[in-house]
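Numbering (numbering that gives the first Met the number 0), first residue to last: 0 to 494.
We put the CB at the ideal spot given by N, CA and C, even for glycine.
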Amino acid sequence: MSQEKPVRVRFAPSPTGKLHVGGARTAIYNWAFARANGGTFILRIDDTDPTRSTEENTQVILRAMRWLGLDWDEGPDVGGPCAPYKQTDRMDIYLDAAKRLAESGDAYPCFCTTDQLAAAKKAAQDRNDPFQGYQRTCRDIDPAEAQRRIDAGEPHVWRIKVPLDRGDVVIHDAVHGDVTFDAKELDDFVIIRTDGTPTYNFATVVDDAAMGITHVIRGDDHLSNTPRQVMVYEALGAPVPTFAHISMILGADGKKLSKRHGATSVEEYRDAGYLPDAFVNYLALLGWSLDGDTTIVPRDVLAKSFSLDHVSKNPATFDPKKLDWINAEYMSAMDDETFAHTVMVPELVEAGLMEEGECKGRKPWLLKLAAIIKPRAKLLGQCADLCRFLFEGDEVTMDEKSVAKGLAKEGCGSYVNAAREALASLDTDHWTADDIDACLEGLPERLDTSKRKFFQTVRVAECGNMVSPPLGASMELLGRDTSLARLDRARTLCG
RNA sequence: GUCCCCAUCGUCUAACGGUUAGGACAUCGCCCUUUCAAGGCGACGACACGAGUUCGAAUCUCGUUGGGGGCACCA
């Protein structure tokens with residue numbers, strides 16, 4: 000262990016869709032592992048599937064990675080010593096590698112048609128052959144003969160030639176321990192397709208070897224593919240990296256997370272109002288734990304403490320409720336000023352409630368607003384709705400149901416009058432939450448009514464709704480004139 | 001069919017042979033309270049099953065059951 004190579008890890012998404020939560024977690028683990036070990040984090044675009052990969056998806060994935068705050072040291076846009084970092088730009092590299100394997104006798108051309116292969120497979124099934132892979136039909140074709148057929152233009156693929164005496168393949172996995180695969184499971188799989196493009200299992204290994212990847216951290220679904228990839232490393236004469244296969248993320252019904260379970264792509268969570276730090280925190284915890292007790296793991300702690308031996312083997316169920324809770328934790332951990340200018344103000348501006356320019360002059364006001372909104376907002380995007388009533392001047396929008404319950408009932412008029420009268424005696428200098436509260440405090444008793452009824456009425460009058468932030472603070476923020484005007488207006492609605 | 005992986009509260013997890021099986025989310029209750037939140041306190045709640053090994057097993061072994069994934073000229 001004393002002379003370990005510097006850590007190099009990669010996240011290699013296929014741009015066949017958006018970045019989804021499972022991929023995001025894989026990216027997070029790779030990133031955190033690199034950071035925790037002073038290693039290099041590489042982003043590579045595995046776009047060898049010509050039919051499903053798109054440039055647009057690539058851009059979506061890069062954007063999602065940036066939003067998550069996962070910075071990469073080498074990648075398609077930043078370059079690096081192993082460039083290019085997009086597989087479609089590396090085609091000659093795969094062909095060269097395949098050529099070398101052909102020359103050394105570790106790969107051979109196969110002329111079987113798909114029909115022939117299908118027939119062979121069916122035959123294997125029919126005779127209950129435990130081995131249903133490729134029957135190695137073309138393995139022993141005479142090289143000169145094979146060359147003749149290639150020159151004649153006969154369609155062919157290239158297959159890897161697995162040594163007959165290879166024996167069982169044992170994978171040393173950082174999360175699963177040793178995993179053994181029976182030698183007879185190995186077949187001579189395709190490395191170069193008829194159209195000359197490389198298959199995933201080949202291209203990935205060629206790249207991982209060329210890029211000096213030391214740890215392959217990826218989804219569990221690749222575990223069964225790993226022995227074939229090991230064959231490629233061995234044929235290439237490259238060292239086999241350490242693997243770490245992490246479990247899948249499941250939906251609430253125990254099935255692989257999919258559209259049916261709701262949002263699956265990172266950008267949907269961004270748009271739904273989650274903080275990237277909170278999202279990363281939640282995903283990191285899905286299958287990894289710091290110590291079993293800590294739930295809030297800021298990214299700097301993650302980048303310092305992440306370790307493969309605390310990665311869980313179990314599949315994890317995605318729990319939106321816990322994500323919400325973590326998001327709220329991150330929001331309330333912000334100080335009022337940070338909350339005001341990073342989340343609240345942008346939203347108010349966006350919602351058209353404020354002008355960008357007027358924020359500076361209203362800083363004290365905004366800080367007070369932040370203090371009452373912060374504990375009430377679970378997601379970004381909820382602030383505007385919570386604050387709207389403060390921006391409607393004398394004519395606040397009245398919630399019908401609230402009016403019916405809080406203003407239209409008997410006695411409400413007297414509550415409004417009493418509040419109006421008491422508050423009118425407060426001058427502007429004393430128009431603060433505390434003084435307003437103190438001013439109203441004794442009124443319910445004097446009016447021989449309950450606090451609940453009295454304040455509900457005043458609340459509806461001031462806020463237009465039975466549900467609102469604290470009344471005194473709201474009125475302070477509304478200002479004396481507006482508060483009094485709203486009471487005047489409410490009087491006309493009373494029963 | 002075959003190969004591989006997985007198995008602790010509803011959910012995420014801690015435990016690395018000896019614990020009253022711990023924490024967090026959710027749920028429920030109480031407190032605070034002028035509504036809604038937030039906060040405080042508490043309750044509920046798990047070692048899938050069966051055999052071994054051991055003085056002692058959630059932990060090790062085997063089997064069963066249940067889930068998941070691979071077996072492509074997809075990644």
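- Secondary structure note for I295: it is in no alpha helix (DSSP H), with a DSSP letter that is neither H nor E.
- For V205, the enclosing alpha helix (DSSP H) covers residues 199-209.
- Secondary structure of R7 (DSSP, three-state): strand.
- If you look at D177, you'll find it in the beta strand (DSSP E) that goes 176-180.
- Remark: three or more beta-carbon pairs, one from each stretch, lie closer than 8 Å, so the segment 257-265 and the segment 4-21 are flagged as touching.
- Judged by pairs of C-beta atoms under 8 Å, the segment 367-384 does not touch the segment 394-403, as fewer than three such pairs exist.
- Residues of the same chain with a CB within less than 7 Å of the CB of A251, apart from the 5 flanking positions on each side, are H260, T316 in chain order.
- When the Cα atoms are used, C493 and A332 turn out to be separated by approximately 42 Å.
- In this model, M474 and P275 are separated by some 34 Å (Cα to Cα).
- Scanning P314, A82, D125 for the CA closest to the CA of D207 turns up A82.
- Secondary structure of W287 (DSSP, three-state): strand.
- Our two residues, A11 and D70, have alpha carbons roughly 14 Å apart in a direct line.
- A residue is called buried once 16 or more other Cβ atoms fall within 10 Å of its Cβ, and I245 is buried on that count.
- If you draw a straight line from the Cα of L365 to the Cα of A339, it is about 7 Å long.
- Under the 10 Å beta carbon count, I191 is surrounded by 16 or more other beta carbons and is classified as buried.
- Your pair C137 and P108 checks out as a contact, with CB atoms roughly 7 Å apart and the cut at 8 Å.
- Per DSSP, reduced to three states, the secondary structure at H214 is strand.
- Residue environment analysis places E461 among the buried positions, since at least 16 neighbouring C-beta atoms fall within 10 angstroms of its C-beta.
- As DSSP reads the structure, V457 sits in no beta bridge.
- F453 is the residue among F390, A437, F453, F388 whose C-alpha sits nearest the C-alpha of E409.
- Counting only residues of its own chain and dropping the five nearest sequence neighbours on each side, D167 has a CB closer than 8 Å to the CB of T179, F180, D181, A182.
- Close CB contacts of V77 within its chain, under the 8 Å cut and outside five residues either way in sequence, are with W71 (chain order).
- If you compare the alpha carbons of N200, G176, V174 with that of D186, the shortest gap goes to N200.
- DSSP lists I41 as the beta-bridge partner residues of E73.
- Here DSSP, grouped into helix, strand and coil, assigns H155 to coil.
- Taking C-alpha positions only, P240 is separated from L368 by approximately 54 Å.
- Taken in chain order, the complete alpha helix (DSSP H) segments of 4 residues or longer contained in the segment 344-421 are 344-349, 362-372, 382-386, 399-405.
- The Cβ-Cβ distance between P75 and I44 falls below 7 Å.
- Around the CB of F130, fewer than 16 other CB atoms lie within 10 Å, so the residue is classed as exposed.
- By alpha-carbon distance to I248, the top candidate from N224, Y232, P226, D219 is D219.
- In the three-state reduction of the DSSP assignment, C462 falls in the helix class.
- Within the same chain, Cβ atoms closer than 8 Å to the Cβ of V310 are found at Y28, A173, V174, A243, I245, G286, W287, the five residues on either side in sequence being excluded.
- Under the 8 Å Cβ criterion, the segment 85-102 does not count as touching the segment 58-69, having fewer than three qualifying pairs.
- Assigned with DSSP and collapsed to three states, T481 falls in helix.
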